[in-house]
Structures are given as C-alpha cells and as structure tokens.
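This report refers to the structure that appears directly beneath it.
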Amino acid sequence: MKNKSSRYLASPYIIWIVGFIVIPLLTIVYYGFTDRSGAFTLSNLAEILVWENYRPLYRSLILSAASTLICFLLAYPLAMILRWYKIGRGSIIVFIFILPMWMNSLLRILAWQTLLERKGVINGILTAMHLPEQHLINTTAAVLIGMVYDFLPFMILPLYNALMKIDDNTINAAYDLGASFWQVLTKIMLPLTVPGIVSGVTMVFVPALTTFAISNMLGGGKIYLIGNVIEQEFMQDSDWNQGSGLSLVLMMFVIVSMLIVNHFDDKKDMGRGGVI
Amino acid sequence: MEKLKDTLSQCYLAFIVLFMYAPIVTLVALSFNNGRSRAQWSGFTFDWYAEMWADQAIMAALRNTIIIAFVSAFIATVLGTIAAIGINNMRSVSRNTVMSITNIPMLNADIVTGISMMLCFIAFGVSLGFHTILIAHITFNLPYVILSVMPKVRQASKDTYEAALDLGATPVQAFFKVVLPELMPGVTSGFMLAFTMSLDDFIITHFTRGAGIDTISTLVYSQVRKGIKPTMYALSTVIFLTVFVVLMIGNFAPEWLKKRRK
C-alpha cells in the first residue's frame with residue numbers, strides 16, 4: 002500500500018507520541034538542568050558524584066552485571082539441552098520455562114520474600130530440622146536472587162530461539178571435521194547466537210539496573226540501589242530537580258550499555274526482535 | 005557416555021524447573037494454610053479465598069488492573085494499527101524519525117519513562133488518577149502494537165485495496181473488508197502483547213497513579229511495607245491459575261482441535 006494521502010493516518014499517533022513521549026522527556030531534561038528557581042545548572046547531574054548517590058549506582062551496576070551473567074550461565078545450557086532433545090516451540094516443556102514470564106513480577110518477588118524472611122519458609126524448615134536460623138532477607142544475596150529469578154525467563158526465550166535457528170548440518174559438519182564439543186560451542190554456537198545473547202542481555206541488564214522494587218522488597222531498604230535513590234527523590238523528598246538529574250544520568254548509563262551490547266550484534270536489529 | 009549426558013541434562017532441566025516453580029508452589033501452599041505463620045502448616049482452609057473475595061481493596065485493584073489492561077490495549081491497537089499504515093506511506097526521513105520516537109519507551113528504562121510522564125502531568129496541572137495510568141499504559145503499549153502490525157503492513161499488497169476501490173467499494177469498506185483481514189494476525193498479536201504488558205506493569209503505574217487508586221502490582225508493593233496478609237497468597241494462586249489456563253488454551257487448543265478434526 003503506497004498512497005500519499007494515507008500517510009496522514011499517522012497524525013493522531015504523532016500527536017500522541019509528541020504529547021506523551023517527547024514532551025515528558027523534555028520536561029525531565031528541563032528539571033534536570035535547572036535548580037528550584039529555574040536557573041540553568043549542572044549540579045543536579047553532578048549530584049551523582051556524591052557518595053550517597055555514587056555508591057548505589059555502583060552497587061546497581063555490579064548487581065545487574067552479576068545477575069545478567071548468572072542468568073546467561075543458567076539459561077544457555079538449558080537452551081542447549083532443549084535444542085539437543087529437539088524440543089520444539091509448541092511443546093509443553095518450552096511452555097513450562099516461559100510461563101513464569103507472564104506471572105505478575107511483584108507476586109513472584111513476594112514469593113521469594115516469603116521464602117527468605119526471618120520467620121519465613123526456609124528458616125521454618127531449618128528450625129524443624131533443628132538447624133540454626135539463617136539471616137537471608139535484607140542481604141545483597143537476596144536482592145541478587147530476586148533479580149535472577151525475576152528476569153531469567155527473559156534470558157531463556159531469546160537464547161532458545163537463537164539456538165533453535167542453527168541448522169543441524171552446521172554443527173554436524175563441525176563435528177565431522179574433527180571439532181571438539183568445546184570448539185563447536187565457542188566457534189559455532191556462541192557466534193551464531195549473538196543476536197539472541199544481545200537481546201537476552203538487554204532484557205535482563207536494563208531492568209536489573211533500574212529496579213527499585215526488588216531491592217526494596219528483598220533488601221528491606223538496606224540494599225540501596227540507584228532506582229531506590231531516584232524513587233525516593235520523587236515520592237518522598239519531592240526534590241524533582243535532583244531526581245531528574247539522577248534520572249538523566251541513569252538514562253545515559255542505559256544508553257551507553259545498550260550501545261556497547263548492540264555493538265556485538267552486527268545485524269543491528271534493536272535487540273528485542275526475538276522476544277515473542 | 006550418552007547415558008550420562010542424558011541423566012545430567014535431565015537433572016539440569018529438573019533443577020531449573022525447581023528453581024522457577026518452588027516459590028510459586030510455596031505461595032499456592034500457603035494460600036491454603038490455616039494460620040498466619042509462614043513456617044508452620046496448621047491445617048487446610050479456604051478462608052483466605054473467602055476473605056480475599058470480600059476484601060474491597062483487592063477486588064478494586066483486580067478490577068482496575070483488568071479494565072486498564074483491556075482499554076489501554078484496545079485503544080493502543082486501534083491507534084497503532086492506523087498509525088502503522090500511515091507510517092508505512094511516509095517518506096523515509098520522517099518514517100525513520102517517527103520509528104525512532106516509537107522505540108523510545110521500549111528501550112528507555114521504565115523508571116525514567118514513568119517519572120517523565122508524572123512530571124509532565126503535574127507540570128501541566130493534570131491530576132494523577134485512573135486516567136493518567138490509562139494514558140501511560142496506552143503510551144507504552146503503542147510500540148508493541150506498531151512493531152507487530154508493521155511487518156504485515158509491509159507485506160500487504162496495494163493491488164487488492166485498489167481492486168476493491170475499482171470494484172466500487174468505498175475506502176472505508178475496502179479497509180475493513182480487504183486491508184484489515186490481511187493485517188489481522190499482526191493486530192491480534194499486538195493486542196495480546198499490549199494486554200499482557202499492561203497487566204504486568206508496576207514501575208510506570210507506580211509513578212503515574214494518584215493516591216487511592218491501585219492495580220494488583222501497586223497493591224502488592226504497598227502491602228509489603230505493612231506486612232503481607234495471606235489473602236495475597238490466595239490472590240497469587242488465582243492469578244497464577246488464570247495465567248496458566250489462558251496460556252494453555254491459547255497455546256495448545258488450536259492444535260488439539262486440529263488433531264480432533266483429523
């Protein structure tokens with residue numbers, strides 16, 4: 002369909018995105034670069050260098066990188082096994098691994114809170130077995146488990162899709178030519194699944210970097226992430242300028258990390274193509 | 005060797021399934037636990053389900069979640085489908101600009117999207133409430149609809165549309181009888197995607213909702229601070245079962261029907 006006048010069909014949409022995407026982003030940029038009186042300043046951005054803000058950002062970067070790596074290390078073997086058993090897209094087994102993705106994510110974090118709490122399920126089991134109670138909730142490990150649990154399905158699906166696309170003959174040819182399993186993995190499978198890895202990494206890293214719910218529910222306010230700092234600026238302290246400044250810094254980190262990740266994907270499809 | 009590989013693989017699959025489902029099974033089990041303790045089993049009960057059903061906050065949150073998901077997905081689908089046709093007919097420069105803006109909510113962090121909208125609403129004097137959540141959900145649903153419909157628009161041939169016009173159809177008739185059926189698979193998957201994204205959203209809703217209105221996600225979040233009531237476990241079980249049944253039907257019913265017909 003090519004028709005000159007029909008391009009105006011997009012007008013309501015363009016008005017919508019200007020009103021609700023472009024203008025809000027400009028608003029946050031405006032607040033980020035001004036102080037309370039409306040004068041231009043860079044101090045809101047520089048606020049990230051303050052220890053109380055820099056420390057959570059650093060913690061967020063470490064935790065999101067760690068959870069992305071753990072998700073990858075858990076999901077890749079899983080996807081390889083599914084491929085090895087030739088378990089197709091429509092099978093119930095794949096369905097089982099994808100299903101938690103559709104369950105409300107806050108309820109899934111709530112489940113971990115129930116397990117890890119001081120009087121929670123795990124400690125209950127330990128006590129019943131006459132073992133000492135463990136301090137599990139409100140630790141960095143609890144937040145990390147929450148991130149891995151929450152985002153794992155988003156790593157599994159793109160990796161599985163990418164691995165299933167590899168032609169059997171490619172892999173058999175490598176084995177016939179004398180390649181070891183390790184060589185097949187590093188020279189054939191990993192390079193051919195780069196688009197899947199890229200979309201999996203993006204879908205885990207960005208939400209993990211910016212979360213505040215997981216750290217609040219499983220970290221009990223003790224494991225403070227950059228998301229928590231920003232959320233508090235808006236919901237409790239009402240310092241919009243500083244909050245906007247920190248949001249802009251966080252946005253830059255998101256953009257830079259996505260540019261780095263997408264750099265590995267020469268096909269340049271924006272990563273999320275393989276999601277559904 | 006082959007057998008060892010088999011056993012190891014199956015153990016690994018079992019381990020991941022355990023990791024993914026043990027927490028959910030715990031929630032389900034606790035929803036039937038007679039007693040508030042999370043560590044002790046004190047008998048079977050349906051009380052929490054009855055209490056959940058009578059709890060107005062939970063029921064209102066459930067209603068809000070479903071209404072917002074349905075209405076926002078519907079509006080985003082209509083607006084997005086029409087837009088996809090329009091965007092496809094644009095010159096490449098303006099098309100690329102519009103598509104880049106379309107991608108922003110998908111690529112940007114939800115927290116920034118949520119905050120930017122909240123700031124904008126407040127700055128322009130719009131009070132936060134049901135309508136602002138709805139606007140926000142439509143906005144983040146739109147890219148999913150457009151990216152689902154766009155490939156179908158590109159595939160659709162312009163000949164059939166023009167043939168319909170030549171045969172005397174009005175443009176509106178031609179759209180509904182010729183164009184739309186061709187786009188339908190993309191439109192449906194766009195709607196489903198938008199609907200589920202909206203159901204699951206927490207962050208953007210958290211920032212754009214006003215006081216006194218909750219969705220399931222924001223209700224769970226606020227409950228956590230006050231201490232979780234077992235009614236939340238009952239709610240989780242109901243939601244999990246619903247998702248399970250709906251997805252089972254969506255995924256497997258078409259195949260079963262096919263097999264039966266044979």
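The listed protein sequences correspond, in order, to chains A and B. Using our numbering, you'd call the opening residue of the first sequence number 2 and step up by one each time. Using our numbering, you'd call the opening residue of the second sequence number 5 and step up by one each time. Think of the CB as a built atom: it goes at the ideal place given N, C-alpha and C, for glycine as much as any other residue. Values in this document were obtained by computation on a predicted structure and should not be read as measured data.
Under 8 Å by beta carbon: chain A residues contacting residue i
i         : result
B/Asp-114 : Pro-208, Thr-211
B/Leu-251 : Phe-96, Leu-100, Trp-103
B/Leu-83  : Pro-13, Tyr-14, Trp-17
Backbone CA spacing between residue i and residue j [nearest angstrom]
i         : j         : result
A/Tyr-161 : B/Gly-254 : 20 Å
A/Trp-241 : A/Gly-228 : 14 Å
A/Gly-20  : A/Gly-125 : 52 Å
A/Val-262 : B/Met-110 : 16 Å
A/Ile-277 : A/Leu-74  : Low per-residue confidence applies at A/Ile-277: pLDDT is 35, beneath 50, and the placement is therefore not dependable, though the value from the model is reported in the following sentence. Cα to Cα, the separation comes out at about 21 Å.
A/Tyr-55  : A/Ser-239 : 20 Å
A/Glu-48  : A/Val-250 : 10 Å
B/Asn-68  : B/Thr-212 : 14 Å
B/Ala-167 : B/Ile-105 : 34 Å
B/Ala-33  : A/Asp-151 : 20 Å
A/Leu-43  : A/Tyr-31  : 11 Å
A/Val-144 : A/Ile-71  : 13 Å
B/Val-228 : A/Asn-170 : 52 Å
B/Val-27  : B/Phe-48  : Before going further, note that residue 27 of chain B is Pro rather than Val in the sequence given. Approximately 19 Å, taken between the alpha carbons.
C-beta atoms of residue i and residue j nearer than 9 Å
i         : j         : result
B/Ile-142 : B/Ser-76  : yes
A/Ile-167 : A/Thr-194 : yes
A/Ala-175 : A/Lys-188 : yes
A/Pro-101 : A/Leu-178 : no
A/Ile-215 : A/Met-148 : yes
A/Phe-213 : A/Leu-58  : no
B/Asp-204 : A/Asn-105 : yes
B/Phe-134 : B/Ile-72  : yes
Test: residue i CB closer than 9 Å to a CB of chain A
i         : result
B/Glu-6   : no
B/Arg-42  : yes
B/Ile-71  : no
B/Val-191 : no
B/Met-247 : The identity of residue 247 of chain B in the sequence shown is Val, whereas the question assumes Met. Answer yes: the Cβ-Cβ gap between B/Val-247 and chain A drops below 9 Å somewhere.
B/Ser-240 : yes
B/Val-176 : no
B/Tyr-16  : yes
B/Pro-185 : no
B/Ile-142 : yes
B/Asn-100 : no
B/Met-24  : yes
B/Leu-171 : no
B/Asp-204 : yes
B/Ile-62  : no
Chain-ordered neighbours of residue i on chain A, where CB pairs are closer than 7 Å
i         : result
B/Met-121 : Phe-21, Pro-25
B/Thr-200 : Trp-103
B/Val-21  : Ile-97
Residue-level contact to chain B via CB, residue i, 9 Å cutoff
i         : result
A/Ser-200 : no
A/Ser-38  : no
A/Lys-120 : yes
A/Thr-28  : yes
A/Asn-124 : yes
A/Ile-261 : no
A/Glu-232 : yes
A/Arg-60  : no
Closest by C-alpha distance to residue i, when choosing among the options
i         : options                                    : result
B/Met-56  : B/Met-154, B/Leu-169, B/Ile-220, B/Phe-78  : B/Ile-220
A/Val-122 : B/Thr-235, B/Lys-262, B/Met-236, B/Val-29  : B/Val-29
A/Leu-260 : A/Ile-22, A/Phe-206, A/Phe-213, A/Ser-68   : A/Phe-206
A/Leu-226 : A/Trp-52, A/Arg-37, A/Arg-90, A/Asn-263    : A/Trp-52
B/Phe-125 : A/Met-130, A/Ile-29, A/Leu-79              : A/Ile-29
B/Ile-91  : A/Thr-35, A/Ile-22, A/Arg-8, A/Glu-234     : A/Arg-8
B/Val-183 : B/Val-21, B/Ile-89, B/Lys-9                : B/Ile-89
A/Ile-15  : B/Ala-87, B/Phe-195, B/Phe-199, B/Met-121  : B/Ala-87
B/Leu-83  : A/Phe-182, A/Pro-13, A/Leu-107             : A/Pro-13
A/Ala-11  : B/Ser-98, B/Gln-159, B/Ala-33, B/Thr-241   : B/Ser-98
B/Ile-208 : B/Ile-70, B/Ala-140, B/Ala-58, B/Gln-60    : B/Ala-140
B/Met-201 : B/Val-249, B/Lys-233, B/Leu-169, B/Tyr-148 : B/Tyr-148
A/Met-158 : A/Asn-139, A/Thr-211, A/Arg-84             : It is Leu, not Met, that sits at residue 158 of chain A in the sequence shown. Looking at the Cα atoms, A/Arg-84 is the closest of the given residues.
A/Pro-208 : A/Leu-64, A/Ser-181, A/Ser-245             : A/Leu-64
B/Asn-93  : B/Tyr-165, B/Lys-9, B/Leu-169, B/Arg-158   : B/Arg-158
A/Ser-61  : A/Leu-210, A/Ile-146, A/Leu-111, A/Leu-27  : A/Leu-210
A/Ser-245 : B/Phe-144, B/Thr-246, B/Leu-123, B/Val-153 : B/Leu-123
heavy atom of the ligand COA below 8 Å from residue i C-beta
i        : result
B/Val-21 : Among the ligands in the structure shown, none appear at all, so the ligand COA cannot be discussed.
Residue i: contacting residues in chain B (beta-carbon distance under 9 Å)
i         : result
A/Ile-189 : Those within 9 Å of A/Ile-189 in chain B number zero; the least Cβ separation is about 18 Å.
A/Val-255 : Leu-111, Asn-112, Ala-113, Val-116
Contact set between residue i and chain E, taken where Cβ atoms lie within less than 8 Å
i         : result
A/Met-218 : Given the protein chain composition of this structure (A and B), no chain E is represented.
Closer than 9 Å at the beta carbon, the chain A residues around residue i
i         : result
B/Ala-54  : Those within 9 Å of B/Ala-54 in chain A number zero; the least Cβ separation is about 20 Å.
B/Thr-106 : Tyr-14, Ile-18, Ile-22
Interface residues of chain B facing residue i [CB-CB closer than 7 Å]
i         : result
A/Trp-241 : Leu-123
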